[in-house]
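Contents: one structure, followed by commentary.
2 protein chains.
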Amino acid sequence: MCPVDDASNGVDGHAHTNGHTNGTTNGANAAPETNGFVAVETKQNPHIQTSNPYQPVGDFLSNISRFKIIESTLREGEQFANAYFSTEVKIQIAKALDDFGVDYIELTSPCASEQSRLDCEAICKLGLKAKILTHVRCTMEDARVAVETGVDGVDVVIGTSSYLREHSHGKDMTYIKNAAIEVIKFVKSKGLEIRFSSEDSFRSDLVDLLTLYSAVDKVGVHRVGIADTVGCATPRQVYDLVRTLRGVVSCDIETHFHNDTGCAIANAYVALEAGATHIDTSVIGIGERNGITPLGGLMARMIVADREYVTKKYNLKKLKEIEDLVADNVEINIPFNNYITGFSAFTHKAGIHAKAILNNPSTYEIINPADFGMTRYVHFASRLTGWNAIKSRVEQLGLEMTDAQIKVCTTKIKAMADVRPIAIDDADSIIRTFHGNLHRKEDVPLLPGMTEEEKKLFEMKQAELSGEREKRSLDEAADAQAEVPSGKKTKTGVAA
Amino acid sequence: MCPVDDASNGVDGHAHTNGHTNGTTNGANAAPETNGFVAVETKQNPHIQTSNPYQPVGDFLSNISRFKIIESTLREGEQFANAYFSTEVKIQIAKALDDFGVDYIELTSPCASEQSRLDCEAICKLGLKAKILTHVRCTMEDARVAVETGVDGVDVVIGTSSYLREHSHGKDMTYIKNAAIEVIKFVKSKGLEIRFSSEDSFRSDLVDLLTLYSAVDKVGVHRVGIADTVGCATPRQVYDLVRTLRGVVSCDIETHFHNDTGCAIANAYVALEAGATHIDTSVIGIGERNGITPLGGLMARMIVADREYVTKKYNLKKLKEIEDLVADNVEINIPFNNYITGFSAFTHKAGIHAKAILNNPSTYEIINPADFGMTRYVHFASRLTGWNAIKSRVEQLGLEMTDAQIKVCTTKIKAMADVRPIAIDDADSIIRTFHGNLHRKEDVPLLPGMTEEEKKLFEMKQAELSGEREKRSLDEAADAQAEVPSGKKTKTGVAA
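Chains A and B, in that order, give the protein sequences.
Counting from 1, position 264 in the first sequence corresponds to residue 264 in the numbering used here; the numbering is continuous, with no gaps.
Counting from 1, position 168 in the second sequence corresponds to residue 1168 in the numbering used here; the numbering is continuous, with no gaps.
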């Protein structure tokens, strides 16, 4: 059942089929019967015959293997509490995202401030492969400013929930529809791509929404957008709404999910299954409150669904670099449990799953860390740690040491762990210092700031431990706790 | 469409209907026709007549409003890379979880080590309200040790995927079924609750799984478990599998989701919609790799689905305390974007959404922070910061200061932000130090480690700023960037 190979229908995800082209075909979403299943044919999702007999029935809607990313770190991400990007930083981030291969880069409205306008123009002039979008209110004033910046497309948005309609702009749906049509026609007349989105879509009236989207589709909007602005939507609500919308419009469908209730990645995934074409992301998910679908998290989800599409299209090995760049600028730490790049993402605790993983990684891993330029990490900062775990870490850190040297270093780490709790970083720093000391005349202390008492205890523990044979003790400890003790192949697994 | 009020069917979620009672009714899951919809009746999900005409059709399966939590910080969480809990810490965590109101606490196998066995016994003797479970391999040896510890129930697990069957224990499904039945009958004969789970369920053969679950259901197992051990499952796969299983067994259904691809919370939610009864969680989600469904994240999801059930049943105001306790012990920082308790969860950036939030929080918030003893936080560590934002932070920190004092403090923070980028923590520490200085004879420096140059620049900026009128400048800045500028009610919203 898992992973699903959605790549099997053979559509070339690299084809530039969306946007710019659907003006004349709107309203043409015929629904031919195919083996009893009704399939919607759109520009994004043409009916290509597949030769794979295992193609799941009713899966014509799915865009799992041909989705596009609208990267919004420079718009949604700029609304993150700690984000204040200078022009240079914005350019650095835009270039990094372009290297990564995102399809679109969305920028803060040029109407937000004079600096925003100038930054928008500067990024448009970089000549990136990614299309540049800016995100403005659905008014002619904003649209006029936007089209002058040099962007490839304009993303407009308007509040459609009854709450926003009553307490905010006070306009009815007819007014909204007319305003939208005016703006769409204007932006199209300038030869630019135009998206129309509602705000807080999941608290808006369904009939209002569909009426509005149907109207803008008829005048040739390139994309309509659904936004879960407050992060309340559940996967089945998303699937139902997108699937319904897929039957109403023939243009592309963009989706934007906040993560307040933990569904931002899952909702993006089911939206694609239901026929959405574009997903909004930001680096590490930064945005309003706890943010939106994270770029890295979406990659984790999608590589499991269609490894070929994702690895061919995106430069996954750049992910960590981009995350570090953004994290530094907004002054946050990468969460320990961050998808793919968090310290524990590919970490296995010695003695529990570690041995199985060392034997065959696919036992307990669905993602290959190497696809992201990452390495598997068998946790070792503990008393159970053995020298082969340290050896793998030494290799990860790119240091050269002989096995004998690694064994001495292991003893020191184990002794240190008995003196005080040591974190991942501490162990790394001990390894680096130990390695440095091999080439120094005088030893640098392995951990800074140790008290005299700690030093004494450390020497004692080290003396105790140096008699032990590390490899054997690791293997025994691992065996005792492993799923499948090496000597007892009839035992059954324990960890779920 | 959102939030859905699933509470409307009026079932008392506090009733202790699951476990211990279904032995005689297994196999009795009749499927009466109700208005054309087939509903499954189980102990957990009896057909209670509802008087609400808006009850969604086909929703008989949903346990959104009567789910139970199996808290596994002391089992799955102990497998987290950095987790080494002492006996005292385990007891502290167990008591905290019990205060919170979790239904079950799951402990590491007593067979893992002598200390694990002793800790298991110690926790059983605490007399907690929560039921205590331990998690062991599906063998008679393990089951015998488990039932002697004093636990209320035993969770057994066995690998059923073809991979584990071929490369691990090498046993076929008939052997697995017979082993399971023997263990189940033994544990039941001791008067204890028994759960049977497969491992890596989403990479197991569906027919094998259903055959096995049907067999153990017939001998009276209290719960069957589905585990997404590698974190590959998608919401629609989960819904389909749980719904199918719901039609096959009449016992309770527990689910366990890893978060490698970002769906652990969403999958738990759709599992409940499909008829699952129990969800496994851990505090901050700690576990193998990047962990499982987090307790706090599940609360965020469920409080939006059924606020009444969640607030009545769980002591939500304890959440932050438990998270801090666990985070301290495993030496991690609470991620900036953590559900509910992360620093940005209820933070709104001055000038973007902040003004709308100050006017009416429900505009951009789906969760009320007060339900968790948290407060809304208008971000202020920036040059846009105004004294009313600082005032709200001072109140959050529980400090007493006059408005005049807060204004002086605000000027200092703004001056500091012009000298160097300041983080949330810096701003908090400035406020605390400033507050302390009000009662000290001699001032403590507001930020430690400032260079002479920085001090000079700070004095200069402070002098410049003290002429300004903070409140007005905040309001103007907020107006300029707000969704709905106060003077222009015909404008439409911008942020999605």
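All residues carry an ideal CB built from backbone N, CA and C; glycine is no exception.
Since we're looking at a predicted model, the values are computed, not measured.
- Under a 10 Å Cβ-count criterion, residue 201 of chain A is classified as buried, with 16 or more other Cβ atoms of the shown protein chains found around its own Cβ.
- Interface residue (Cβ-Cβ distance to chain A less than 8 angstroms): residue 1265 of chain B is classified as such.
- When Cβ-Cβ separations below 8 angstroms define contact, residue 231 of chain A makes contact with chain B.
- When the alpha-carbon of residue 235 of chain A is set against those of B/1272, B/1221, B/1290, the nearest one is in B/1272.
- DSSP, reduced to helix, strand and coil, places residue 1314 of chain B outside both helices and strands of the structure shown, so it counts as coil.
- Nearest neighbour of residue 1299 of chain B by Cα position, chosen from B/1315, B/1128, B/1409, turns out to be B/1315.
- Fewer than three Cβ pairs drawn from the segment 259–278 of chain A and the segment 91–101 of chain A lie within less than 8 angstroms of each other, which leaves the two stretches out of contact.
- In the assembly as shown, residue 440 of chain A is an exposed residue. Its beta-carbon has fewer than 16 other beta-carbons within 10 Å.
- Contact between the segment 253–261 of chain A and the segment 1249–1260 of chain B is absent: fewer than 3 CB-CB pairs across the two stretches fall below 8 angstroms.
- With fewer than 16 other Cβ atoms from the protein chains shown falling within 10 Å of its own Cβ, residue 172 of chain A counts as exposed.
- In the displayed model, residue 1099 of chain B falls within a helix according to three-state DSSP.
- Here the C-alpha atom of residue 1183 of chain B lies approximately 51 angstroms from the C-alpha atom of residue 1347 of chain B.
- Per the coordinates, the alpha-carbon of residue 412 of chain A lies some 35 angstroms from the alpha-carbon of residue 1137 of chain B.
- Contact note: residue 1281 of chain B does not reach chain A at a C-beta cutoff of 7 angstroms; the least C-beta distance is about 12 angstroms.
- Scanning the segment 1314–1343 of chain B for uninterrupted alpha helix (DSSP H) segments of 4 residues or longer gives 1319–1330, listed from N- to C-terminal end.
- Listed as beta-bridge partners of residue 1364 of chain B by DSSP are no residues whatsoever.
- Under DSSP, the beta-bridge partners assigned to residue 1068 of chain B are B/1278.
- Two segments are said to touch when three or more pairs of C-beta atoms, one from each, lie closer than 8 angstroms; by this definition the segment 1321–1332 of chain B does not touch the segment 1302–1312 of chain B.
- Distance from the Cα of residue 1104 of chain B is smallest, within the candidate group B/1181, B/1217, B/1195, for B/1195.
- Residues of the segment 1282–1295 of chain B with a C-beta less than 7 angstroms from any C-beta of chain A: 1285, 1288, 1289, 1290, 1291, listed in chain order.
- Along the segment 1294–1320 of chain B, going in chain order, the ones with a CB nearer than 7 angstroms to a CB of chain A are 1297, 1300, 1301, 1304.
- Contact check for residue 1344 of chain B and residue 337 of chain A: beta-carbon distance about 16 angstroms, past the 8 angstroms limit, so the pair fails to qualify.
- Here the alpha carbons of residue 405 of chain A and residue 451 of chain A stand approximately 26 angstroms from one another.
- Residues of chain B with a Cβ closer than 8 angstroms to the Cβ of residue 269 of chain A are, in chain order, 1234, 1235, 1263.
- Against chain A, the beta carbon of residue 1367 of chain B has neighbours under 7 angstroms at 260, listed in chain order.
- Taken in chain order, the complete beta strand (DSSP E) segments of 3 or more residues contained in the segment 155–210 of chain A are 193–199.
- Close CB contacts of residue 1265 of chain B within its chain, under the 7 angstroms cut and outside five residues either way in sequence, are with 1293, 1297, 1298, 1301 (chain order).
- Boundaries for residue 1146 of chain B: no beta strand (DSSP E) harbours it, while the alpha helix (DSSP H) harbouring it runs 1140–1147, taken from the DSSP string.
- Sixteen is the threshold: since fewer than 16 other Cβ atoms of the shown chains lie within 10 Å of the Cβ of residue 312 of chain A, the residue is exposed.
- Taking CB atoms only, residue 1277 of chain B has no neighbour in chain A less than 8 angstroms away.
- Taking residue 1369 of chain B as reference, the option from B/1319, B/1390, B/1330, B/1409 with the minimal CA-CA separation is B/1319.
- Under the 8 angstroms criterion on CB atoms, residue 1080 of chain B is classed as interfacial with respect to chain A.
- For the pair residue 1245 of chain B and residue 430 of chain A, the Cα-to-Cα distance works out to about 51 angstroms.
- With a threshold of 8 angstroms between beta carbons, residue 1370 of chain B makes no contact with chain A.
- Residue 1062 of chain B sits buried, since 16 or more C-beta atoms from the chains shown fall within 10 Å of its C-beta.
- Residues of chain A whose Cβ lies closer than 7 angstroms to the Cβ of residue 1347 of chain B are, in chain order, 81, 289.
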